[in-house]
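If you're matching positions, the sequence shown starts at 2 in our numbering and goes up one per residue.
Beta carbons: idealized from backbone N, C-alpha and C, even for Gly.
Step one of this worksheet: look at the structure below.
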Amino acid sequence: MTSPALPNASDAALLESVATGIPAALSDLGHLVRIPGMAWPAFDQTQLERSAAAVATLAEGTGVFDEVRVLRAEIPGTGELGQPAVLATRAARNGRPTILLYAHHDVQPPGDDALWETPPFEPTVRDGRMYGRGAADDKAGVMAHIAAIRAVTETLGDDLDLGIALFIEGEEEYGSASFGQFLADNKEALRADAIVVADSGNWDSVTPGLTVSLRGNARFSLRVRTLEHASHSGMFGGAVPDAMMTTVKLLSTLWNDDGSVAVEGLTQRDTPTPEYSEATLRDEAGLLAGTTPIGTGSILSRIWNKPSVSIIGIDTTSVASASNTLLPETTVVLSARVAPGQSAADAYAALERHLRAHAPYGAELTFSDADFGDGFLVDTSGWAVGLTREAMRDGYGVAPVDLGVGGSIPFIADLVREFPQAQILVTGVEDPHSRAHSPNESLHLDTFRRAVATEALLLARMNALTLPL
């Protein structure tokens, strides 16, 4: 494979096309943000159909694709179809490679509207940012692909020989239940030499990040039962353990006093991390002034390379309904972030062993609803990584930072399984203040422009590659 660099004049023309197209791209992004497409059954599912149709129209409008379809795949074992996804394809010409561009058009629920400074589904621009649910995660990823394709098409015209597959999923936030089946159903249309997953973030608003590691995730429910029925706390309190007290005591065994995870069998990865101050952590995470960080080692090693365990839900008597009663059972939901290199199933097994071994007072434990997503490590020696780093440097004007991400993108394991020869690149448009999944989610507009420029440069330079036949 050869990779001649674009002449500077071509770079300049391409970047000018990007800049000219940004206002239209942001207008289109605003239109997408206004569509409240959420994959949870409690929400209006027709909004996802509207969202998919809008993305398909944008793809068709580029004029570059041979075919644009809105498709669904079956959720394995259910007989039900997943949410609508958009698949747009064009075949490679003259021995050029093919790139698969991924993003998702569904969004997280907005939560409490009262916590938003502006309506969540009304895009609002202020102080150089666009606010709205999905403005960053991940409708900006969708529009980064569209805007980059527009610029490359305008600049290269008939010289565009690159194969492009655009895959915009419709249920990523709800767990990608039909993702694996969608890949299997459309394997040939999706087959590519490189895959760009535009669903991550950057070091900051002016410094690009190439995500090279992701933690996995093991999520499950745990029911703790100590009594056959509720009992009077005055008559029996002090002699029998209630489920809430037992649950609190059990869960406390998961952590050391410094907050690091105390579960035997959970591994960690030993690799250097960039400097990241406690002050930055406090600012970006919203840590209260009197609250201290937890864990040991560098801050980023705790987030990128070590496991964490969080309690993310609990079913018990509410404060408003509380009475002097010993609770017979309590259910909690735990989410474990798993260090890259360890499978989520292995991590879950270690957690189950630990909890069973430490169950206080012989409490009855029931595990259910386990859901796994493995982490990911990028092979940074590949040609696509080098090409992407160069495009980031030229698109942002500064060298990129190799990032670990504490979160998970579980479907990447499906991509690796179906397309083992493809090089996977995890990029994104978010910055540390984007607040994805939180109230007042926003997109930094200049970061978006730089991300579009980066992807346009990557596509143009891939168009100059010749694959062995």
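Cut-off 6 Å between Cβ atoms - residues of its own chain near residue i, not counting five sequence neighbours on either side
| i | result |
| --- | --- |
| R451 | G396 and Y397 |
| R151 | G22 and T63 |
| A13 | none |
| D243 | L327 and L328 |
| A115 | none |
| I300 | Y277 and L282 |
| E261 | The displayed chain sequence assigns Ser, not Glu, to residue 261. Once the five neighbours on either side are set aside, the close Cβ partners of S261 are G296 and T297. |
| T268 | A340 and Q343 |
| P37 | Q48 and F122 |
| R51 | I36 |
| E365 | R226 |
| L16 | A454 |
| V19 | A152, V453, A454 and A457 |
| T331 | V225, A244, M245, T248 and T317 |
| A74 | G83, S179, Q182, F183 and D186 |
| Q424 | A195, G383 and A385 |
| T254 | H359 |
| E61 | V69 |
Bridge partners - residue i, DSSP secondary structure assignment
| i | result |
| --- | --- |
| E442 | E442 is not bridged to any residue. |
| D372 | R220 |
| F168 | L88 and Y103 |
| L335 | F221 and I312 |
| I23 | Partner(s): none; I23 has no beta bridge. |
| R226 | E330 and E365 |
| G202 | E431 |
| A195 | I100 and Q424 |
| T154 | Answer is none; T154 lacks a bridge partner. |
| S179 | Paired residue(s): none; S179 is not in a bridge. |
| S214 | L378 and G405 |
Option nearest residue i by Cα separation, candidates the options
| i | options | result |
| --- | --- | --- |
| V108 | T212, V34 and A345 | V34 |
| V143 | A166, G158, D128 and G235 | A166 |
| V213 | V386, L252, N95 and F237 | V386 |
| V207 | T467, N464, M463 and T455 | T455 |
| A178 | M463, R418 and F412 | F412 |
| S336 | A348, L102 and N325 | A348 |
| D138 | G129, A345 and P440 | P440 |
| G80 | R94, Q182, S11 and L102 | Q182 |
| A323 | R357, V402 and S234 | S234 |
| N306 | T119, L378, E285 and R394 | L378 |
| R130 | L459, R436, A92 and A461 | R436 |
| H106 | A199, T254 and A231 | A199 |
| R97 | W117, G176, A57 and D194 | D194 |
| R1 | R303, D380 and T428 | There is simply no residue 1 to check, as the chain begins at 2 and stops at 470 in what is shown. |
| G102 | V264, R354, H434 and G429 | As written in the sequence, residue 102 is Leu, which differs from the Gly given in the question. Nearest C-alpha to L102: G429. |
| L30 | G164, I147 and H438 | I147 |
| G176 | I410, W117 and T125 | I410 |
| W256 | I312, P275, S319 and G202 | I312 |
| T381 | L163, V69, L211 and G112 | L211 |
| G238 | L223, N325 and L59 | N325 |
| D162 | L59, A141 and T99 | T99 |
| D67 | G164, N203, K140 and G112 | G164 |
| G407 | L251, T274 and D370 | T274 |
| T154 | D284, A371, S253 and S11 | S11 |
| G135 | A104, G158, L157 and D159 | A104 |
| M39 | M236, A371, H438 and A93 | H438 |
| G158 | V65, T125 and A240 | V65 |
| A141 | E419, D432 and V320 | D432 |
Beta-carbon proximity list for residue i, same chain, < 7 Å, skipping 5 on both sides
| i | result |
| --- | --- |
| A190 | L88, T90 and A166 |
| A54 | V71 |
| A345 | G217, N218, A219, V339, F373, G374 and D375 |
| R394 | A400 and P401 |
| D415 | F180, G181 and L184 |
| D93 | Residue identity differs from the one stated: residue 93 is Ala in this sequence, not Asp. Excluding positions up to five away in sequence, the list reads T99, D162, L163 and G164. |
Chain-order list of residues whose beta-carbon lies under 8 Å from that of residue i (same chain, five-residue window excluded)
| i | result |
| --- | --- |
| P5 | Any reading at P5 must be qualified, since the residue scores a pLDDT of 45, below 50, and its modelled position is unreliable; the value itself is stated next. Hits under 8 Å: A465. |
Contact with chain C by residue i, beta-carbon distance below 9 Å
| i | result |
| --- | --- |
| A350 | The structure shown contains no chain C, having only a single protein chain. |
Inset, instruction - Specify whether the segment 243-250 and the segment 353-366 touch according to this definition: at least 3 beta carbon pairs, one from each stretch, less than 8 Å apart. - result: Yes, they touch.
Inset, instruction - For the segment 60-141, list the beta strand (DSSP E) runs that are entirely contained and at least 3 residues long, ordered along the chain. - result: Fully enclosed beta strand (DSSP E) runs of 3 or longer: 68-72, 86-91, 99-105, 125-127 and 130-132.
Legend entry - Uninterrupted beta strand (DSSP E) stretches inside the segment 373-454 (no shorter than 3 residues): For the segment 373-454, whole beta strand (DSSP E) runs of length 3 or above, ordered along the chain, are 402-406, 424-431 and 443-445.
Legend entry - Complete runs of the beta strand (DSSP E) confined to the segment 231-319 [at least 3 residues]: Listed in chain order, the complete beta strand (DSSP E) runs (minimum 3 residues) inside the segment 231-319 are 309-316.
Legend entry - Inter-stretch contact at 8 Å, needing at least 3 Cβ pairs: the segment 378-392 / the segment 284-299: The segment 378-392 vs the segment 284-299: no contact.
Inset, instruction - Check whether the segment 192-211 touches the segment 429-448, taking contact to mean three or more Cβ pairs, one atom from each stretch, closer than 8 Å. - result: A contact exists between the segment 192-211 and the segment 429-448.
Inset, instruction - Would you check if the segment 157-174 and the segment 80-91 touch, i.e. whether three or more CB-CB distances between them fall below 8 Å? - result: Segment contact: the segment 80-91 against the segment 157-174, three or more CB-CB distances shorter than 8 Å; contact assigned.
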